[in-house]
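S.K.:
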Amino acid sequence: MATAAWEDALRLPQWDDAPVWLHGDLLPGSLLTSSGHLTAVIDFGAFGVGARVGTVLRAVGGALLRRTTTATSAGTG
Numbered sequence: 023m024a025t026a027a028w029e030d031a032l033r034l035p036q037w038d039d040a041p042v043w044l045h046g047d048l049l050p051g052s053l054l055t056s057s058g059h060l061t062a063v064i065d066f067g068a069f070g071v072g073a074r075v076g077t078v079l080r081a082v083g084g085a086l087l088r089r090t091t092t093a094t095s096a097g098t099g
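Under our numbering, think of the first position of the sequence shown as 23, with each following residue one higher.
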């Protein structure tokens with residue numbers, strides 16, 4: 023089943039949007055604020071260039087993972 027899904031994904035048209043700068047691991051600790059406004063983004067260890075869709079997919083995937091796991095079930099508790 024996973025192999026079939028992967029093969030289906032490979033047959034999709036290539037993303038043709040212009041590449042964008044990607045932070046790579048944008049987390050709350052990487053955002054600096056002052057008076058409620060974003061003033062800086064730090065920690066560019068996973069910085070790169072790619073398709074904007076990748077950032078959206080990582081954000082959605084991370085949110086789903088956090089919603090469906092706990093610290094104990096993730097092996098950190």
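Glycine residues also receive a C-beta, built at the ideal position from the N, C-alpha and C atoms.
Being a predicted model, the structure only gives us computed values, none of them experimental.
1) In the structure shown, what three-state DSSP assignment does W43 receive?
2) May I have the straight-line CA-CA distance separating L54 from V82, to the nearest angstrom?
3) With C-beta atoms as the reference, is W37 less than 9 angstroms away from A73?
4) Please check the pair W28 and V71, which I expect to be a contact at CB under 8 angstroms, by giving their CB distance rounded to whole angstroms.
5) Helix, strand or coil for G67? Go by DSSP, reduced to three states.
M.R.: This is what the structure holds:
1) On the sequence shown, residue 43 is found 21 positions in, with the first residue counted as 1. Note: W43 maps to strand in three-state DSSP.
2) What you label residue 54 is simply residue 32 of the sequence shown in a count that begins at 1. What you label residue 82 is simply residue 60 of the sequence shown in a count that begins at 1. Approximately 22 angstroms between the Cα atoms of the pair.
3) Residue 37 sits at position 15 when you count from the first residue of the sequence shown. Residue 73 sits at position 51 when you count from the first residue of the sequence shown. It is a contact, given that the beta carbons lie within the stated cut-off.
4) Position 6 of the sequence shown, counting from 1, holds the residue named residue 28. Position 49 of the sequence shown, counting from 1, holds the residue named residue 71. Between V71 and W28 the Cβ distance is about 24 angstroms, and since that is not below 8 angstroms, they are no contact.
5) For the purposes of this step, residue 67 is taken as the residue at position 45 of the sequence shown. DSSP places G67 in coil when its eight states are reduced to three.
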